[in-house]
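Written out below as structure tokens is the structure these notes cover.
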Amino acid sequence: MEQELQVTVEGAAFPPETRVILARVREAVSSPTSAELSLVCDEEIDEDAALGQPALITIDAGNAGVRRFHLIVTGIELDARTVAERRRYNVELDHELCFLKHRADVRMFQEKSVKDIVTSVLEAAGVEASHFEFRLESDPPKRTYCVQYRETDFAFISRLLEHEGISYFIKDDEPKALVTFTDMQSAFSPIESESAVAVARGHGDGIDELVFESRAYPSTVTLADYNWTMPSVGLTAPAELEGSPTGDLFEFPGGHKTPDEGSKLAQIRSQAQLSAATVGRGSSNVVTLSSGSWFELEGARRPELAAKYLLTRVEHRVDGLQYKNTFECSPHNRRYRPPVVTPKPRVAGLHTAVVTGPSGAEIHTEEMGQMKALFFWDRVGQPDDKSSCWMRLAQLPIDGSMALARTGWEMAVAYHNGDPDRPVGVARLYNAEKTSPYAYPAAKSAMAFQTASSPGGGKINEISMEDSAGKMGFSLTASKDYIEQTSNNKTETISANEVLSVGTDREVQIGASETISIGGNESFTVSAEEELNVKATRTKVVGGSETVTVSGNIQMVVEGADTETTGGSHTTLAALGVEKTSSSSQSLTVGGSMLSVAGLGVTFAVAGAKSETIGGAKIVASGQAVAETVIGALATTVGGVLVQAAPGNRVASTKGSTAVNVGGAALANGAKKVMLKGKKVSINVGGMVNLLGGGGIINMTPGSVAFVGLVTVNASGSVTISGNPNLVG
0 MEQELQVTVE GAAFPPETRV ILARVREAVS SPTSAELSLV CDEEIDEDAA LGQPALITID
60 AGNAGVRRFH LIVTGIELDA RTVAERRRYN VELDHELCFL KHRADVRMFQ EKSVKDIVTS
120 VLEAAGVEAS HFEFRLESDP PKRTYCVQYR ETDFAFISRL LEHEGISYFI KDDEPKALVT
180 FTDMQSAFSP IESESAVAVA RGHGDGIDEL VFESRAYPST VTLADYNWTM PSVGLTAPAE
240 LEGSPTGDLF EFPGGHKTPD EGSKLAQIRS QAQLSAATVG RGSSNVVTLS SGSWFELEGA
300 RRPELAAKYL LTRVEHRVDG LQYKNTFECS PHNRRYRPPV VTPKPRVAGL HTAVVTGPSG
360 AEIHTEEMGQ MKALFFWDRV GQPDDKSSCW MRLAQLPIDG SMALARTGWE MAVAYHNGDP
420 DRPVGVARLY NAEKTSPYAY PAAKSAMAFQ TASSPGGGKI NEISMEDSAG KMGFSLTASK
480 DYIEQTSNNK TETISANEVL SVGTDREVQI GASETISIGG NESFTVSAEE ELNVKATRTK
540 VVGGSETVTV SGNIQMVVEG ADTETTGGSH TTLAALGVEK TSSSSQSLTV GGSMLSVAGL
600 GVTFAVAGAK SETIGGAKIV ASGQAVAETV IGALATTVGG VLVQAAPGNR VASTKGSTAV
660 NVGGAALANG AKKVMLKGKK VSINVGGMVN LLGGGGIINM TPGSVAFVGL VTVNASGSVT
720 ISGNPNLVG
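Residue numbers (numbering that gives the first Met the number 0): 0 to 728.
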């Protein structure tokens, strides 16, 4: 039965004598309350001043109940029609949540749960903390990174709440309306009057019409996603719904990071499907019906309908003094979840952002080489290490490719599946402040990979290529160390010249053999010392002449045998001394002449036998003494003249025999003494022999032997002088 009642509107925008002649109020779960009023008054209403003013609408049905709605004027118009010469206005009113529809932004939230984010958005919009509450089974998980992207505040919080399965309803109580965000069925209370509502019979009070609609729903809801921090973990999460054969509802990405999160979200999606599977639609004159409350149906002709029902939508209509409402409801024994109807925005194309880090840091990263960046749409963030979440950097599709972004760089940022919560740095972009290190268009044919030293810059590592025809080149620059490693063979081919310049030391280690072939000349200059260490055999072949010039001493130590063969002349020039030591035997063969000149002394020490065969003359000149010590036998054969001259002593000492065979003349000159010492000393000279010491002279010719001055001949046995027996002395 339609009943009489009183409807009023109060607020600073309306004169006291204002009368409501027509009213329509809509309330729903997960939707702000709104109202449309037609009213009349004697005084004129300041329309501009009325906008944004709070108003209280009261529907008073006496003993049947009272409903109050705290709303705000959002629209007003003066109706051309009048009522009994009174002004008529049409007014639109909405709950304060509707103002979120007039606020849009692009901003981010880090390490906050949906509860935290919704609270921040509401408080930033001016909604007082006392105007809303949360009644949740447990706090939603914190989101590492959550972006409101080109959407209203209302759309933003709506999609977050829908994703988590959180609904809200509004209950009006003096002096405010309270919004309750909940995911619990127990948060829904019975209607304010008797919770039991009867089916109206005839013109009685109660529900005069109620129709239930059953809808098809999927048999399975499956969510899938991918988490790059654990790529081998499957994130496919199914949730089965009983009683439906229609198939699988698959959603990717599901928006979860772990299997547990996926299972929970899949369950929430399945509950949302079941919430919409059975919908009751009806009408009544029970003014206390309100969304977010439940009632118990009585008097239904079908006993199975006698149950509790959650009111999800109620529309109140008052025309004059007549009241009626229409409503929607769902079985209260099914857990209510809001439908997922608010789409998540997708990012089309790329964004750009500036790489950030702590103050003074040129490179800011973590164990996975990620970066942080400040987006140009971010009006709150600062260029520091909290500007964004960590975001991965796209690399070249090869193993080991890793290039980290530097703070201050402008980077192009893409998004996984267009999801604003999942940014990925993909490329660096130059701008007017951070320019390329190359001058364009002059360097248009150059391609390079360059990095700067950090911190401070100033030095670079670079691989560059020049592709200009006729000037093509490849350049590699290492500002400090350069390491090159080849696990197998390496081939280098240089068609023209090569220049190698080493500023300090150079070390070459070759595990096996080395072969160097030079088609032309070789010039080898060592400004300081040179050391050559050959562990095994060394063979040196010179096709033409060889000249060795030593400004200081020359010392040669041979641990084994020493064999030296020269097809032509053999010349040794030393500005200082010449010293040669052999741990074993030594053999020297010279096809031509041999010349040894030393500014200081000449010393030869051989642990074994020593053999010299000179095809031509042999000349040894020393600035000091000439000493020759041979542990074994000493054999010297000179095809031409033998000359040995030293301002000091000339000593040849052997523990074996000493044999000197000279095809021509022989001259041994020592300023102090000339000594030939051995077990057996043999001198065979084809021409004249002169041994000149500091105290005496031995002169031998084919015709005579002469001793001049002090000459000592010592032998443990006999002394034999073969040839002309005439002795002069």
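Quick reminder that beta carbons are idealized off the backbone N, C-alpha and C, glycines included.
This structure is a prediction, so every number in the text was calculated from the model and none was measured.
(message) Judging by CA-CA distance, which residue of GLN270, GLU76, LYS479 is the nearest neighbour of ILE729?
(response) With the chain represented from 0 up to 728, any question about residue 729 goes unanswered, as that position is not in the structure.
(request) Please name the residue in ALA426, ASN668, THR580 whose C-alpha comes closest to that of LEU392. (result) ALA426
(request) Return the Cβ separation of GLU161 and THR341 in integer angstroms, given the expectation that the two are a contact with Cβ distance under 8 Å. (result) 6 Å
(message) Here's the rule I'm using: 16 or more other beta-carbon atoms within 10 Å means buried, otherwise exposed. How should GLN147 be labelled?
(response) buried
(request) Classify MET0 as helix, strand or coil using the three-state DSSP reduction. (result) Confidence is the limiting factor: at MET0 the pLDDT is only 45, short of 50, which leaves the residue's position unreliable, though a coordinate-based value still follows. If DSSP states are grouped into helix, strand and coil, MET0 belongs with coil.
(request) Could you tell me whether the region 43-61 touches the region 313-326, where touching means 3 or more Cβ pairs closer than 8 Å? (result) yes
(request) Check LEU99 in the structure and name its three-state DSSP category. (result) Correct three-state label for LEU99: helix.
(request) Taking only heavy atoms of the ligand ATP into account, decide whether any of them is closer than 7 Å to the Cβ of ALA624. (result) Although the ligand ATP was asked about, the structure shown includes no ligands whatsoever.
(request) Tell me ILE206's beta-bridge partners as DSSP assigns them. (result) Looking at the DSSP assignment, ILE206 forms a beta bridge with VAL198, SER283.
(message) Taking the alpha-carbon of GLY348 as reference, which of THR17, ALA413, GLU513 has the nearest alpha-carbon?
(response) When each option's Cα is compared against that of GLY348, the closest is ALA413.
(message) By the three-class DSSP mapping on this structure, what secondary structure does GLN508 have?
(response) Annotated three-state conformation of GLN508 is coil, per DSSP.
(request) Can you say whether ALA54 is buried or exposed, counting buried as having 16 or more other CB atoms within 10 angstroms of its CB? (result) Burial call: buried.
(message) Considering Cα atoms alone, identify which of ALA608, GLN623, GLY567 is closest to LYS617.
(response) Among ALA608, GLN623, GLY567, the Cα nearest to that of LYS617 belongs to GLY567.
(message) Here's the rule I'm using: 16 or more other beta-carbon atoms within 10 Å means buried, otherwise exposed. How should ASP742 be labelled?
(response) The structure shown has nothing for residue 742, since the chain only spans 0 to 728.
(request) Counting only the same chain and skipping the five closest in sequence on each side, list residues whose C-beta sits under 8 Å from that of ASN324. (result) SER282, SER283, ASN284, VAL285, VAL286, LEU288, VAL313, GLU314, HIS315, ARG316
(request) Assign GLU796 to one of three DSSP states: helix, strand, or coil. (result) No answer is possible for residue 796: it lies beyond the span of the chain, which begins at 0 and ends at 728.
(message) Taking 6 Å as the limit between beta carbons, can you name the residues of its chain near ALA644, skipping five residues before and five after?
(response) ALA620, ASN668
(message) Taking 7 Å as the limit between beta carbons, can you name the residues of its chain near PRO724, skipping five residues before and five after?
(response) With a pLDDT of only 49 at PRO724, under 50, the local geometry of the prediction cannot be trusted, and no value is derived from it.
(request) Would you identify the three-state DSSP class for ALA431, choosing helix, strand or coil? (result) coil
(request) Compute the Euclidean distance between the alpha carbons of LEU177 and VAL117, then round it to the nearest angstrom. (result) Using only the alpha carbons, I get a separation of about 15 Å.
(request) Leaving aside the five residues before and after THR17 along the sequence, list all residues of the same chain whose C-beta is less than 7 Å from its C-beta, in chain order. (result) Annotation for THR17: VAL8, LEU38, CYS40 place their beta carbon closer than 7 Å to its own, counting only its chain and skipping 5 residues before and after.
(message) Three Cβ pairs or more, each shorter than 8 Å: is that satisfied between the region 179-187 and the region 359-375?
(response) no
(message) Beta-carbon within less than 6 Å of LYS307's beta-carbon, same chain only, minus the 5 sequence neighbours each way: which residues are those?
(response) TRP293, GLU295, HIS331
(request) Can you have a look at ALA634 and say buried or exposed, based on whether 16 or more other CB atoms are within 10 angstroms of its CB? (result) buried
(request) Return the chain-ordered ranges of every beta strand (DSSP E) run that is complete within the region 40-93 and spans a minimum of 3 residues. (result) Restricted to the region 40-93, the beta strand (DSSP E) segments that are unbroken, complete and at least 3 residues in length are 53-59, 65-82, 85-93, listed in chain order.
(request) Below 8 Å CB to CB, which residues in the same chain sit around ASP466 once its five sequence neighbours on both sides are set aside? (result) Counting only Cβ-Cβ distances below 8 Å, and skipping sequence neighbours, we find SER444, ALA445, MET446.
(message) Assuming ALA299 and GLY253 are in contact, meaning their beta carbons sit under 8 Å apart, how far apart are those beta carbons, in whole angstroms?
(response) Not really, about 40 Å apart at Cβ, beyond 8 Å.
(request) Could you check which residue in GLU563, HIS569, ALA79, THR565 has the C-alpha nearest to that of THR548? (result) When GLU563, HIS569, ALA79, THR565 are compared, the shortest CA-CA separation from THR548 is found for HIS569.
(message) Alpha carbons only, please: which of PRO344, GLU208, PHE448, TRP408 is nearest the one belonging to ARG421?
(response) PRO344
(message) Just to confirm, is the Cβ distance from ALA404 to VAL339 under 8 Å?
(response) no
(request) Work out the CA separation of LYS256 and SER231 for me, nearest whole Å. (result) 12 Å
(message) Short of 6 Å in beta carbon distance, which residues of its chain neighbour ALA495, apart from the five on each side in sequence? Order them along the chain.
(response) none
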